[in-house]
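Asker: Encoded as structure tokens, here's the structure I'll be asking about.
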Amino acid sequence: MATPDFILAIRASAGHQLLWLPGVSAVVFDDEGRVLLGQRSDNGRWALISGMPEPGEQPAACAVREVYEETAVHIEVERVVVVQAGEQVTFDNGDVCQFMDTTFRCRAVGGEARVNDDESLQVGWFAVDALPELSEHAHLRIKQALVEEPAWFEPAT
């Protein structure tokens, strides 16, 4: 996974300490109701397409950009489905991050799904009842994208 230049600049002075970062994820459906997934090159797991907004980039615009960069699929963002802080992640190089993820329900409007950069080993469309192994968090986001409810978030305690 390529680390954005602005994160490299922060890391130059912050070292490996925890960075709190924005993230976006896209639950993309095609006309057949299938979900677009990518098999990540960093860990080999299947996942929703996701990424980090560049400074000043709007979250929905980031989702459109990331999906195209990773899969060559053009999308339209329909709505926010989940907003949630993730768990801390420690990368192999020792960097620690935690992401505030905004997940969007999206609709494919063009392009052919294919590996379009070095972030994925494979990309493909999957029927909702025939998904590859995914994280619990990915299943939550897909479930929320399928229902017509307000955005899901952790209740305040």
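Residues in the sequence shown are numbered from 0 upward in steps of one, following numbering that gives the first Met the number 0. Note that CB positions come from ideal geometry on N, CA and C, so glycine has one too. Just so we're clear, the structure is a prediction, and the values are computed from it rather than from any experiment.
#1: Which same chain residues end up closer than 7 angstroms to residue 12 when comparing Cβ atoms and leaving out the 5 residues on each side of it in sequence?
#2: Figure out for me which residue from 119, 17, 65 and 8 has the closest Cα to the Cα of residue 93.
#3: Write down every uninterrupted run of the beta strand (DSSP E) in the stretch 24–69 whose length is 3 residues or greater and which is fully enclosed by it, in chain order.
#4: Do residue 143 and residue 72 count as a contact pair if the criterion is CB distance below 8 angstroms?
#5: Please give the ranges of any alpha helix (DSSP H) in the stretch 73–153, keeping only runs that are unbroken, at least 4 residues long and fully inside the region.
#6: In its own chain, which residues sit with a C-beta less than 8 angstroms from the C-beta of residue 101, not counting the 5 before and 5 after it?
#7: My output table needs one value for residue 18: the three-state DSSP class, helix, strand or coil.
#8: Nearest CA to the CA of residue 134: which residue from 118, 44 and 30?
#9: One question on the structure: do residue 5 and residue 54 come within less than 8 angstroms of each other, judged by their Cβ atoms?
#10: Report all residues from its chain with a CB closer than 7 angstroms to the CB of residue 33; omit the five preceding and five following residues, and keep chain order.
#11: Would residue 77 and residue 105 qualify as a contact pair, given that the criterion is a beta-carbon distance under 8 angstroms?
#12: Output the distance between the C-alpha atoms of residue 67 and residue 139, rounded to the nearest integer angstrom.
#13: How far does the alpha helix (DSSP H) with residue 155 in it reach, from first residue to last?
#14: Using three-state DSSP, classify residue 1 as helix, strand or coil.
Answerer: Inspection of the coordinates gives the following:
#1: Locating residue 12 in the sequence shown gives position 13, counting from the first residue. Once the five neighbours on either side are set aside, residue 12 has no close Cβ partner at all.
#2: Within the sequence shown, residue 93 is the residue found at index 94, counting from 1. The alpha carbon of residue 93 has as its nearest neighbour, out of 119, 17, 65 and 8, the alpha carbon of 17.
#3: Scanning the stretch 24–69 from its first residue to its last, the whole beta strand (DSSP E) runs of 3-plus residues come out as 34–39 and 48–50.
#4: Reading the sequence shown from its first residue, position 73 is the one you call residue 72. Reading the sequence shown from its first residue, position 144 is the one you call residue 143. Taking a C-beta distance under 8 angstroms as the contact criterion, residue 72 and residue 143 do not qualify as a contact pair.
#5: Correct list: 135–145.
#6: Stepping through the sequence shown from its first residue, residue 101 is reached at position 102. Excluding sequence neighbours, residue 101 sits near 21, 22, 23, 24, 58, 79, 81 and 82.
#7: To locate residue 18, count along the sequence shown from 1; it is residue 19. The answer is strand: DSSP assigns residue 18 an E or B state.
#8: To locate residue 134, count along the sequence shown from 1; it is residue 135. Closest option to residue 134, Cα to Cα, is 44.
#9: Here residue 5 refers to the residue found at position 6 when the sequence shown is read from its first residue. Here residue 54 refers to the residue found at position 55 when the sequence shown is read from its first residue. One thing to note: residue 5 has its Cβ within 8 angstroms of the Cβ of residue 54.
#10: Along the sequence shown, read from residue 1 onward, the residue named residue 33 stands at position 34. Cβ-Cβ distances below 7 angstroms link residue 33 to 124, 125 and 126 in the same chain, with the five nearest sequence neighbours on each side left out; the list follows chain order.
#11: Along the sequence shown, read from residue 1 onward, the residue named residue 77 stands at position 78. Along the sequence shown, read from residue 1 onward, the residue named residue 105 stands at position 106. It is a contact, given that the beta carbons lie within the stated cut-off.
#12: For the purposes of this step, residue 67 is taken as residue 68 along the sequence shown, with counting starting at 1. For the purposes of this step, residue 139 is taken as residue 140 along the sequence shown, with counting starting at 1. Straight-line Cα distance between these residues: approximately 23 angstroms.
#13: Counting from 1 along the sequence shown, the entry for residue 155 is found at position 156. Segment: none, residue 155 is in no alpha helix (DSSP H) and carries neither H nor E.
#14: Position 2 of the sequence shown holds residue 1. DSSP places residue 1 in coil when its eight states are reduced to three.
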